[in-house]
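Structure, as structure tokens:
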Amino acid sequence: MSDVDDLYGLPREDFVPARRDLAKRLRAAGDREAATRVEKLPKPTTSAWLVNRLVRAEPERVDALAELGSDLRAAHAGADGARLRDLAKRRAELIAGLVAAAGGDLSEATIRELEEMFTTAIADETATATLRAGRLASVRDLRVEQTWPGLTLAPGPTAAPVAPARQARRSAREALVEAKAAVKEAESQRAEADRAVSSAEKAVTKAEERVRQLNAALDEAEHAELDSRRALQSARRDAKAAERTASLAWRKLQQVEAE
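Under the UniProt record's numbering, the residues of the sequence shown are numbered 1 to 259, in order.
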């Protein structure tokens, strides 16, 4: 679904409102099943979002991951120790470059998750394809049960360790951003609910006015019917009276003619 691909290519803070809008469009189009699936799509973590962005901006880096993975599998199958050591060095350099390209001021936890995702993509062809799709929600999307010997998450030449106080500040800032996003989402949902209530109230008021008009028209029709019945009865009485008068006049005429 290209719309889902677009979702995971958006800025992270735009993901939730865009997901909600896509689900609404699908539901309005009658595809409730697809709308439900979209509503369940997880918001990407910071590390997953960075990888998705990198995949779209620099796809050739993913090609380098796939190529290195193929070379490592060949060297491992041939038990070529020297080749494996050389490729392990290349792996560390490639991962360090990918982490640097993914973002600037990153927390230690985010750096570790990026390293894990890139390492797993090198080790596993399925993980490479998953990463290449650019729809990651978290590091768990790429985790596999087994890798080759020597393909652990050794840091290699990555960023220097972050001081505990600085890391705590970063974690606090990330938590604050998440909290603000949650508040914004809740306020958006509340505003949408308020609009729905207002719309429903207007519909009820309109329906009540229509019922009132129909009841008034019904009362008027019933009164008109009653007046018509009364007029009919009066006309019938007048007709009978006229008939009697005509009959009497006819008899008198006959009597006069007989004399």
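From the three backbone atoms N, C-alpha and C, an ideal C-beta is built for every residue, glycine too.
Bounding residues of the alpha helix (DSSP H) (the contiguous stretch that carries residue i)
i           : result
residue 69  : 59–77
residue 38  : 32–39
residue 21  : 15–28
residue 298 : As shown, the chain starts at 1 and ends at 259. That puts residue 298 outside it, with no answer to give.
Three-state secondary structure assigned by DSSP to residue i
i           : result
residue 97  : helix
residue 45  : coil
residue 124 : coil
residue 81  : helix
residue 90  : helix
residue 143 : coil
residue 107 : coil
residue 259 : coil
residue 12  : helix
residue 135 : coil
Exposed unless 16 or more other CB atoms sit within 10 angstroms - verdict on residue i
i           : result
residue 250 : exposed
residue 128 : buried
residue 199 : exposed
residue 205 : exposed
residue 235 : exposed
residue 16  : buried
Residues near residue i by beta carbon distance below 6 Å, same chain, minus five either side
i           : result
residue 138 : 45, 48
residue 50  : 102, 103
residue 42  : 137
residue 12  : 49
residue 222 : none
residue 58  : none
residue 30  : none
residue 262 : The chain is shown only over 1 to 259; residue 262 falls outside these bounds and no answer can be derived.
Other residues of its chain near residue i: CB distance less than 7 Å, five sequence neighbours each side excluded
i           : result
residue 83  : 75
residue 110 : 46, 47
residue 106 : none
residue 246 : none
residue 9   : 52, 56, 134
Close beta carbons around residue i, own chain, < 8 Å, minus the five adjacent residues each side
i          : result
residue 27 : 35
residue 32 : 26
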